[in-house]
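K.L.:
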Amino acid sequence: MKRIFLTFWREFSKVSLILIILSLCRIASSFLQGNILNNLVNLNFSQFTYSISLLFATFILLLLTTYIQIRYQATTTQKIATKLRTNIMDSVTNVSYSTYHERTSGTYVSWLSNDIQQIEDRAIEPSYDLIAGILSTSISIIALFTIHWSLIVLTLTETILLLQLPKLFHQELGEKSLAVSQENEQFISKVSDYFSGYDTLYAFQRLPYIRKKVHDDSVLLGNTKRHYAKSYGKIAIAGGLGNIISQVSIMALTGYLAYNQHISIGMIITAGGLGSTIFNTIGTLSQYIATIQSVQPILDKFDALEAQKQERIATSSIEETQNTIFELKDLNFAYDSNKILNQLNFTFEKNKKYAIIGKSGSGKSTLVDILTGKISNYSGSVLFFNHEVNTLSNTDIFNKILYIDQNPHVFNDTIRNNLCLGDTYSDEQLITALKTVDLADLLSTLPNHLDTLIGENGTTLSGGQLQRIALARGILRNQNIIILDESTSKLDSKTALQIEKQLIGNDNLSIIMISHHLDDTIIQSLDGILQL
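Each residue of the sequence shown is one higher than the one before, counting from 1 in the working numbering.
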């Protein structure tokens, strides 16, 4: 939270200024109410009327300032939430491939939604209340001093005691908050998995299985949240008890002072109002402090990911002047004690066509992950245009290579945005790329051409069209080295062969195909086959 306060110090300063005005309005109303009572006791009707008018004006100012406070705090909260989400995504997009896949996509979604919501509810919003409490308490204490010094002594003593309460529950509440965050992650991950299996369960007529599993996981999540509420309740009760004792003692002391004519009768109302402000605030300050501290484990989790950012720096020294794209020298790789690749030697040359074949589990996908820099802890050597792959950044590699797996992701967006992926290209460039993969004719059948929404997971396109969209993305970026990782395995044989022939027949492309099975006509067109 300290970093958040430092980053948004201007916003919090403006919030503080608004809260000071609110505190002054409330304290002024307390003194005016005391004066009103004194005027009645003294039968001074003109002063009574004047004080009533001032009280009304004070309340109007209070309402207007409250409106400004609500709007500005909401704006600040969303600025902070957006900044946190941006920081998370900055970390996610800069960690290594293997680090990213240490967590499920559901976990990251939970961070961006549930965890940020927890921070909003349990840290940012309570921070405003904490600032308001500190300011109103400080101003109220000063105001009490103008009534009688003994009220300050009693107030400060009780304030110090009340502020010790959060320390009793700090660790417990932090643990419960982290547990809620982790249970939210698991809930989203599991529910996403259940819905991904909808078609399978539909075929087996077991859709009630989803309902039961979501119910069971919801119960677990609910139990975790109840445990948090139980710990939070302890703080609320402790703070409330201290608040009651403190307010009663202030009222008793004020009554004693009025009885002995050290203060006016009207000051009983004023002191009571100020005491109520102070101890209501102090009683909840302990809750605010504990609640704010409880989100620190969540922020620590974000910081841990940030610390894992990729350290390899992109270089602009990779040149394609030589003919050798990849050169494997005595390449070895193992998962634990299971040897996957053993003393592998092979060379992939520019503008030539290759296939990597082998049975399931032979290491085809592992080799591709090494070639594309996703796996870096291999032994031996893998040179990419004479640079060791595990010293290069993702940018170095994927600026040169177009990698397409068997399930290229198509976003629930327009064809234009699916091709551009945030970059800027002219319509002419986009259409040229689509023509290259035989998709230009498709545009004429679509209502909004390039700006037609494809639909979630590309549901408005066939499997072959999705593959062509993925190819067009690379062609648009002049990527002439293409790695096809079982890219056509889910297509019908005619469409698969058509795409493969189109790629193999392009003399300007360097192709590396990974496959369980190759058509004879494709085999005859290859320049080399690596058997694993």
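For every residue, glycine included, the Cβ atom is placed at its ideal position computed from N, Cα and C.
#1: What residue does the beta strand (DSSP E) around residue 515 start on, and which one ends it?
#2: If you measure between the beta carbons of residue 179 and residue 101, is that distance less than 8 Å?
#3: Go ahead and pull the three-state DSSP assignment for residue 327.
#4: Is the Cβ-Cβ distance between residue 235 and residue 119 less than 8 Å?
#5: Indicate whether residue 275 and residue 247 have their beta-carbon atoms separated by less than 8 Å.
#6: Distance check for residue 401 and residue 219, CA to CA, integer angstroms please.
#7: Curious, which full-length beta strand (DSSP E) runs of at least 3 residues does the region 330-356 contain?
#8: Over the uninterrupted alpha helix (DSSP H) stretch that includes residue 34, give me the two end residues.
#9: For residue 481, which of 353, 176, 499 has the nearest alpha-carbon?
#10: Can you list, in chain order, the stretches of the alpha helix (DSSP H) that have 4 or more residues and sit fully within the region 67-151?
#11: At the level of alpha carbons, what is the spacing between residue 51 and residue 35?
#12: Taking the beta carbon of residue 369 as the centre, do at least 16 other beta carbons fall within 10 Å, making it buried, or is it exposed?
#13: Shortest alpha-carbon distance to residue 240 belongs to which of 398, 278, 306, 345?
#14: Once DSSP output is grouped into helix, strand and coil, what is the label at residue 259?
#15: Alpha carbon to alpha carbon, how far is residue 525 from residue 336?
#16: Taking the alpha-carbon positions, what's the residue 61 to residue 454 distance?
#17: Tell me which same chain residues have a C-beta within less than 8 Å of the C-beta of residue 438, skipping the five on either side of it?
#18: For residue 418, I'd like the list of residues in its chain whose CB is within less than 7 Å of its CB, leaving aside the five on either flank, ordered along the chain.
#19: Do the CB positions of residue 520 and residue 404 come within less than 8 Å of each other?
#20: Closest to residue 129 by C-alpha separation, out of 464, 290, 332, would be which residue?
#21: Taking the CB atoms as reference points, tell me whether residue 376 and residue 390 lie closer together than 8 Å.
#22: For residue 230, decide whether its Cβ has a neighbour in chain D, counting only Cβ atoms nearer than 8 Å.
#23: Among 164, 423, 329, which has the Cα closest to the Cα of residue 342?
#24: When burial is assigned at 16 or more other CB atoms within 10 Å of the CB, is residue 17 buried or exposed?
#25: DSSP three-state label for residue 277, please.
#26: If the criterion is Cβ atoms closer than 8 Å, does the pair residue 356 and residue 350 meet it?
#27: Please report how far the alpha carbon of residue 511 lies from the alpha carbon of residue 371, in whole angstroms.
#28: Among 31, 366, 322, 434, which has the Cα closest to the Cα of residue 338?
#29: With DSSP collapsed to three states, give me the class of residue 527.
#30: Answer with buried or exposed for residue 82, where buried requires no fewer than 16 other C-beta atoms within 10 angstroms of its C-beta.
#31: With distances taken Cα to Cα, identify the nearest neighbour of residue 408 among 462, 185, 70, 507.
#32: In the DSSP assignment, the beta strand (DSSP E) including residue 382 goes from what residue to what residue?
#33: Using CA coordinates, which residue listed in 138, 172, 208, 213 is at the minimum distance from residue 187?
#34: Let's test the definition: count the other Cβ atoms within 10 Å of the Cβ of residue 208 and tell me whether it reaches 16, buried, or not, exposed.
P.N.:
Walking through what the data contain:
#1: Numbered from its first residue, the sequence shown carries residue 515 at position 515. Segment 510-515, the beta strand (DSSP E) holding residue 515.
#2: Taking the sequence shown and counting its residues from 1, the one referred to as residue 179 is at position 179. Taking the sequence shown and counting its residues from 1, the one referred to as residue 101 is at position 101. The beta carbons of residue 179 and residue 101 sit no closer together than 8 Å.
#3: In the sequence shown, residue 327 corresponds to position 327, counting from 1. Correct three-state label for residue 327: strand.
#4: For this step, residue 235 is matched to residue 235 along the sequence shown. For this step, residue 119 is matched to residue 119 along the sequence shown. The answer is no: Cβ separation not under 8 Å.
#5: Sequence index remark: in the sequence shown, residue 275 carries index 275 (1-based). Sequence index remark: in the sequence shown, residue 247 carries index 247 (1-based). Cβ atoms of residue 275 and residue 247: closer than 8 Å.
#6: Reading the sequence shown from its first residue, position 219 is the one you call residue 219. Reading the sequence shown from its first residue, position 401 is the one you call residue 401. Within the model, the alpha-carbon separation for residue 219 versus residue 401 is close to 47 Å.
#7: Scanning the region 330-356 from its first residue to its last, the whole beta strand (DSSP E) runs of 3-plus residues come out as 338-349.
#8: Within the sequence shown, the letter at position 34 stands for residue 34. Counting along the chain, the alpha helix (DSSP H) containing residue 34 begins and ends at 9-41.
#9: As a first step, residue 481 is located in the sequence shown; it is residue number 481 there, counting from the start. Just measuring C-alpha positions, the residue of 353, 176, 499 sitting nearest residue 481 is 353.
#10: Runs of the alpha helix (DSSP H) inside the region 67-151: 97-100, 105-110, 116-119, 125-145.
#11: As a first step, residue 51 must be located in the sequence shown, where it is residue number 51. As a first step, residue 35 must be located in the sequence shown, where it is residue number 35. Roughly 7 Å between the two C-alpha positions.
#12: Within the sequence shown, numbered from 1, the residue matching residue 369 stands at position 369. Classification for residue 369: buried.
#13: Numbered from 1 along the sequence shown, position 240 holds the residue referred to as residue 240. Here the closest residue by C-alpha is 278.
#14: Numbered from 1 along the sequence shown, position 259 holds the residue referred to as residue 259. Note: residue 259 maps to helix in three-state DSSP.
#15: As a first step, residue 525 is located in the sequence shown; it is residue number 525 there, counting from the start. As a first step, residue 336 is located in the sequence shown; it is residue number 336 there, counting from the start. Looking at the two C-alpha atoms, the distance is approximately 38 Å.
#16: By 1-based counting over the sequence shown, the position of residue 61 is 61. By 1-based counting over the sequence shown, the position of residue 454 is 454. Residue 454 has its alpha-carbon roughly 53 Å from the corresponding atom of residue 61.
#17: Counting from 1 along the sequence shown, the entry for residue 438 is found at position 438. Once the five neighbours on either side are set aside, the close Cβ partners of residue 438 are 468, 502.
#18: Here residue 418 refers to the residue found at position 418 when the sequence shown is read from its first residue. Answer for residue 418: 410, 411, 454, 469, listed in chain order.
#19: Your numbering for residue 520 matches position 520 in the sequence shown. Your numbering for residue 404 matches position 404 in the sequence shown. At a Cβ-Cβ threshold of 8 Å, residue 520 and residue 404 do not count as neighbours.
#20: The count along the sequence shown starts at 1 and reaches residue 129 at position 129. The shortest Cα separation from residue 129 among 464, 290, 332 belongs to 290.
#21: Taking the sequence shown and counting its residues from 1, one reaches residue 376 at position 376. Taking the sequence shown and counting its residues from 1, one reaches residue 390 at position 390. Yes, the pair counts as a contact, with Cβ atoms nearer than the cut-off.
#22: Judged by its chain identifiers, the structure shown contains no chain D, having just a single protein chain.
#23: Here residue 342 corresponds to residue number 342 of the sequence shown, with the count starting at 1. The shortest Cα separation from residue 342 among 164, 423, 329 belongs to 329.
#24: Translated into the one-based positions of the sequence shown, residue 17 becomes position 17. Label assigned to residue 17: exposed.
#25: Your numbering for residue 277 matches position 277 in the sequence shown. The answer is helix: DSSP assigns residue 277 an H, G or I state.
#26: Translated into positions along the sequence shown, residue 356 becomes position 356. Translated into positions along the sequence shown, residue 350 becomes position 350. A distance of 8 Å or more separates the beta carbons of residue 356 and residue 350.
#27: In the sequence shown, the residue the question calls residue 511 occupies position 511. In the sequence shown, the residue the question calls residue 371 occupies position 371. Straight across, the Cα-Cα distance linking residue 511 with residue 371 is about 13 Å.
#28: Taking the sequence shown and counting its residues from 1, the one referred to as residue 338 is at position 338. Here the closest residue by C-alpha is 366.
#29: For the purposes of this step, residue 527 is identified with residue 527 of the sequence shown, where counting begins at 1. Three-state DSSP puts residue 527 in coil, outside helix and strand.
#30: By one-based count along the sequence shown, residue 82 stands at place 82. Counting Cβ neighbours within 10 Å, residue 82 comes out exposed, since fewer than 16 surround it.
#31: For the purposes of this step, residue 408 is taken as residue 408 along the sequence shown, with counting starting at 1. Checking every option, the nearest Cα to that of residue 408 belongs to 462.
#32: To locate residue 382, count along the sequence shown from 1; it is residue 382. Residue 382 -> beta strand (DSSP E) spans 379-384.
#33: Here residue 187 corresponds to residue number 187 of the sequence shown, with the count starting at 1. Ranking the options by Cα distance to residue 187, first place goes to 213.
#34: The residue labelled residue 208 in the question sits at position 208 within the sequence shown. By the Cβ neighbour-count rule, residue 208 is exposed, with fewer than 16 other Cβ atoms within 10 Å of its own.
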